[in-house]
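Remarks on the structure that follows.
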Amino acid sequence: ENEIVGDLLIYPNQQYIEDNAIALAKIQVIVLVLYSIIIAFLTLVIVNRILTEPLKNVANRFHLITPGDSTRIEIPFGHKHNEIGALVGDINHMLDAVNNQIDNERDLRSKTENLSKKFRFIFERASAGIGLIDATDHLIVANPALLRLLGQTFIVDTERFSKTDFTAYFNDPQVIKEFIEEFWAKPGNQFSAVDIQLKHKVRATDRWVHCLFSKVEDINNPDDSLLEVVLYDITERAEREQNIIYEAEH
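With positions in the sequence shown counted from 1, the corresponding number in my numbering is that position plus 582.
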C-alpha cells in the first residue's frame, strides 16, 4: 500500500496565468468604463431634467416679460419647495417691485405734468410781468405780460427780448443797475422793491412800474443763481402822485 510508483511534478503555466489575468483586467476596465459612461449619461439627463431645463424655461419666460406687464413666471412642476422655486418667487417679487416703481413714476410724472401746466398757465396768463435775470443783468425768461410792459405793445417778439440787457428798458439804466448790484450783494434772500420809470417811447406816455426782486439761488452752483423780477404797471398811481405833488406845490 505504501509503494511509491513515481514522482508527480506540477509546474505553473506562467504565460497562461498572465494572459488570463490580463484578459480579466481588460474586462473589468471595460465594465468600469461602461459603468462610468452610463453614470455620466444618467447624471447628465437627471441634471438637465431637474436643473438645466427648468432654469432654461424660467430664463426664456423672464425674457418675454415686458417691464410693467402683469405677467408672472410660473414655478416649474415639482420645484415649489426647492431653490428653483425660491428663485422664481424672488424674480416675481422683483417684477412686482419694478411694476410698483413704474406706477409710482407714472403717477409722479402725471402730477408733475399737471403742476407744470398749472404753473405755466399762471406764468403765461398772469397780469404781472414775471421774468428771470442772470448775473450779467440779461433777461433770459419773460412771460407775455412782462414782454408787453417792456415792449409797450400787445404784439411781442420773444426772441427780441431774450438775452438782452434788462436795465436798457428803463429810463435811467444806471439807477436800476446799481439797485440790482446792491441787491446781489445783500446776504440772504429777502425781497427788494423799487418804483422806476420805463424807457420813454416816441408818441407814448411815460410808464412807471413797481419792480419786486428776489433771488433764485442754486446751492450747488452759486454762480448760476438768478434774479426773479415781478413788474406791476403803476403808471396811474404814479401820475396821481405827481398830480398831488404838483397841486401841493402850486
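The beta-carbon is built from N, C-alpha and C at its ideal position, and this holds for glycine as well.
Since residue i is in the beta strand (DSSP E), which residue starts that stretch and which ends it?
| i | result |
| --- | --- |
| Phe795 | 790-798 |
| Leu721 | 720-724 |
| Gln779 | 774-779 |
| Ile609 | Per DSSP, Ile609 belongs to no beta strand (DSSP E); it is in the alpha helix (DSSP H), 596-629. |
Quick one: residues in its chain with C-beta nearer than 6 Å to the C-beta of residue i, no 5 flanking neighbours on either side, listed in chain order?
| i | result |
| --- | --- |
| Val798 | Leu808, Glu810 |
| Ile586 | none |
| Ile821 | The amino acid occupying residue 821 in the given sequence is Glu; Ile does not appear at that position. The answer is none, since no qualifying residue turns up. |
Thinking residue i and residue j are a contact (beta carbons under 8 Å), I'd like their distance in whole angstroms, please.
| i | j | result |
| --- | --- | --- |
| Pro636 | His675 | With a Cβ gap of about 19 Å, Pro636 and His675 do not count as contacting. |
| Leu728 | Ile712 | 6 Å |
| Phe748 | Asp777 | No, Phe748 and Asp777 are not in contact; Cβ-Cβ is about 16 Å, not under 8 Å. |
| Ile657 | Gly667 | 5 Å |
| Phe752 | Phe773 | Actually they do not touch by this definition, with Cβ atoms about 19 Å apart. |
| Tyr828 | Val791 | Not confirmed; about 21 Å, so no contact. |
| Ala710 | Val812 | 5 Å |
Report buried or exposed for residue i, applying the criterion of at least 16 other Cβ atoms within 10 angstroms of its Cβ.
| i | result |
| --- | --- |
| Asn802 | exposed |
| Arg789 | buried |
| Ala605 | exposed |
| Ile609 | exposed |
| Val670 | buried |
| Phe736 | Summary for Phe736: the model assigns pLDDT 47, below 50, so the residue's position carries little reliability; its value from the coordinates is reported in the next sentence. With fewer than 16 other Cβ atoms within 10 Å, it is exposed. |
| Leu732 | buried |
| Leu780 | buried |
| Ile612 | exposed |
| Ile762 | buried |
Spatial neighbours of residue i within its chain, please: CB distance less than 8 Å, with the 5 preceding and 5 following residues excluded, ordered by chain position.
| i | result |
| --- | --- |
| Val629 | none |
| Phe640 | Note that residue 640 is Val in the sequence shown here, rather than Phe. So the qualifying residues of the chain are Ile655, Pro658, Ile666, Leu669, Val670, Ile673. |
| Phe705 | Ile712, Asn725 |
Please say whether residue j and residue i have beta carbons closer to each other than 8 Å?
| i | j | result |
| --- | --- | --- |
| Cys793 | Ala775 | yes |
| Ile684 | Pro726 | no |
| Phe644 | Ile673 | yes |
| Thr746 | Leu721 | yes |
| Ile647 | Leu677 | yes |
Check whether the Cβ of residue i sits closer than 7 Å to any heavy atom of the ligand ATP, and report yes or no.
| i | result |
| --- | --- |
| Glu823 | Questions concerning the ligand ATP fall outside what the structure shown contains, since it holds no ligand whatsoever. |
Which residues bound the alpha helix (DSSP H) around residue i?
| i | result |
| --- | --- |
| Gly667 | 665-707 |
| Asp806 | First-last for Asp806: undefined, no H or E at that position. |
| Leu590 | Where Leu590 is concerned, there is no enclosing alpha helix (DSSP H), given that its DSSP letter is neither H nor E. |
For residue i, which residues from the same chain have a beta carbon less than 7 Å from its beta carbon, with the 5 sequence-adjacent residues on both sides left out?
| i | result |
| --- | --- |
| Asp806 | Asp800 |
| Val757 | Ile778 |
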